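> Handing you this structure, nothing more for now.
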Amino acid sequence: MARIVMKFGGTSVADIERIKNVANRVKREVDSGNEVAVVVSAMSGATNQLVAWCSQIAPLHDAREYDAVVATGEQVTTGLLAIALQEIGQSARSWCGWQLPIHTDGVHGKARIMSIETDEMIARMGKGEVAVVAGFQGLGPDKRISTLGRGGSDTSAVALAAALKADRCDIYTDVDGVYTTDPRIVTKARKLDKITYEEMLELASVGAKVLQTRSVEMAMKHRVRVQVLSSFEDKPGTLVCDEDEIVEKELVSGIAYSRDEAKVTLVRVADRPGVAAAIFGPLAEAAVNVDMIVQNVSEDGKSTDLTFTVGNADLERAKKVLEEHKGALGYEKLISDPNVVKVSVIGVGMRSHAGIAQKMFQTLASEGINIQVISTSEIKISVLIEEKYTELALRALHTAYGLDAA
């Protein structure tokens, strides 16, 4: 007997027929002798509608009330799936995040899971009951409903798998695995049988939407084996696992992109010790995540330009914070540009092979694509380019690194 956590995304539970299909798939796992917990997202489009309603009433709304609204989507799905399972003879009950509870910190809208109480759930699963858990949500220290941010149901599933000491966490989605790049843009993209936690983390962090970044971080930390599978086809998926499980490692495993980027440039910032801390401190306090950063060399020794990127959703908040601190920061003007995209090349092979970055820069140059910002890590190279060149860049780099399917 294995203990398995199954997670189904919004498209997998988009309507009643699909919820019934999910119920049948879950029952097959139980009939195979496994203990099963299921984590579900809201029905496709439901969360977008709830978010839109909040924004229509107040663009800068109370995050606690926002969480109370957007968490309702998952509550609907858990109840419907529990009913569907009962209808086919499978004992099941729904659990909202506050009922277990799933304890989170107090950052509403972007909460992090601190702990999960699973004793009652484990006892019920041992008697053959399926636990249907609402993803994306928890209970904050203020006893208010909290949500984990977009894509948070993946994190809920992996966290639950870790808390239950599950043998595996199966993530069912509308794709049948992890590809070398977005197959909708590059038709020659290949599906990977296995990928390391580190590579998947880098892919997720730079725009690959198969898994949410924090879910991969948690899987890596707790060594939860994660399998990405199709909700609609019975075929092998991609296993996210330890590097030791992969015999043949690719030089470059994938190329990802993120359109959720906005560039901010502060012109003529004082070139003195502490200015970076003065800029990024208030942004951190406002929960604005800063990604790529580049500082120009000061010509006169007195002022410099500082450029960085934030998520599109955080752009207005970032501008507001920086404008409020303009007097203390002393910059001349603020320039923002939401029409940029980040393209990244990822692979554990970079650790032991030179020339990966040079090939990327040369390939983009040969296509006439200008690089605005560059950032690197041990197994990743990212560049910021104009959004209109996204598809051209992806196709050219995919071919350049020999990733095209035969």
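Residue numbers 22 to 427, in our numbering, belong to the letters of the sequence shown in order. Yeah, the Cβ is synthetic: ideal placement off N, Cα and C, and Gly gets one too. It should be emphasised that the depicted structure is a prediction, and the values quoted were computed from it without experimental measurement.
1. Of all the alpha helix (DSSP H) runs that stay within the bounds of the region 127-156, which reach a length of 4 or more residues?
2. Hey, quick one: how far does the alpha helix (DSSP H) through Tyr218 stretch, first residue to last?
3. Helix, strand or coil for His82? Go by DSSP, reduced to three states.
4. Flag this pair as yes or no: are the beta carbons of Val179 and Val61 separated by less than 8 Å?
5. Residue range of the beta strand (DSSP E) that Val245 falls in?
6. Take the Cβ of Ile37 as the centre, count every other Cβ of all protein chains shown within 10 Å, and call the residue buried at 16 or more, exposed below.
7. List the residues that DSSP assigns as beta-bridge partners of Cys117.
8. Does the region 287-300 come close enough to the region 242-253 that 3 or more CB-CB pairs lie under 8 Å?
9. Which same chain residues end up closer than 7 Å to Gly368 when comparing Cβ atoms and leaving out the 5 residues on each side of it in sequence?
10. Identify every run of the beta strand (DSSP E) within the region 395-423, keeping only runs that are complete inside it and at least 3 residues long; order them along the chain.
11. I think Ile109 touches Ala184, with their Cβ atoms under 8 Å apart; what is that distance to the nearest whole Å?
12. What residues in its chain sit with their C-beta under 8 Å from that of Glu150, if we drop five residues either side in the sequence?
13. Considering only residues of the same chain and omitting the five flanking positions on each side of Ala277, which have a CB-CB separation below 6 Å?
14. To which residues of the same chain is Gly127 closer than 7 Å at the C-beta, ignoring the five residues directly before and after it?
15. Could I get the ranges of all uninterrupted alpha helix (DSSP H) runs contained in the region 166-219, with 4 residues as the minimum, in chain order?
16. May I ask you to list the residues that DSSP assigns as paired with Leu327?
17. Check this for me: beta carbons of Asp335 and Asn360, under 8 Å apart or not?
18. Less than 8 Å between the C-beta atoms of Met146 and Ala58, yes or no?
19. Within the continuous beta strand (DSSP E) that includes Val309, where are the two ends?
20. Could you give the DSSP three-state label for Gly348: helix, strand or coil?
21. What residues are listed by DSSP as bridge partners for Tyr87?
22. Is the beta carbon of Ser167 closer than 8 Å to that of Asp88?
23. Give me the Cα-Cα distance between Lys15 and Thr176, rounded to the nearest whole angstrom.
24. Could you check which residue in Pro303, Ala386, Arg280 has the C-alpha nearest to that of Thr411?
Concretely, from the data shown:
1. 140-147
2. Counting along the chain, the alpha helix (DSSP H) containing Tyr218 begins and ends at 218-226.
3. coil
4. no
5. Counting along the chain, Val245 falls outside any beta strand (DSSP E), and DSSP gives it neither H nor E.
6. exposed
7. DSSP, once it has assigned bridges, lists no residue as partnering Cys117.
8. no
9. Glu220, Glu271, Leu272, Val273, Ser274, Ile400
10. 401-407
11. Not confirmed; about 27 Å, so no contact.
12. Ser112, Ala113, Arg114
13. Leu224, Val227, Gly228, Ala229, Ser365
14. Gly161, Pro162, Asp163
15. List check, alpha helix (DSSP H) in window: 173-185.
16. Leu287, Gln316.
17. no
18. yes
19. Where Val309 is concerned, there is no enclosing beta strand (DSSP E), given that its DSSP letter is neither H nor E.
20. helix
21. Bridge pairing for Tyr87: absent [DSSP].
22. yes
23. Outside the shown range of the chain (22 to 427) lies residue 15, about which nothing can therefore be said.
24. Arg280
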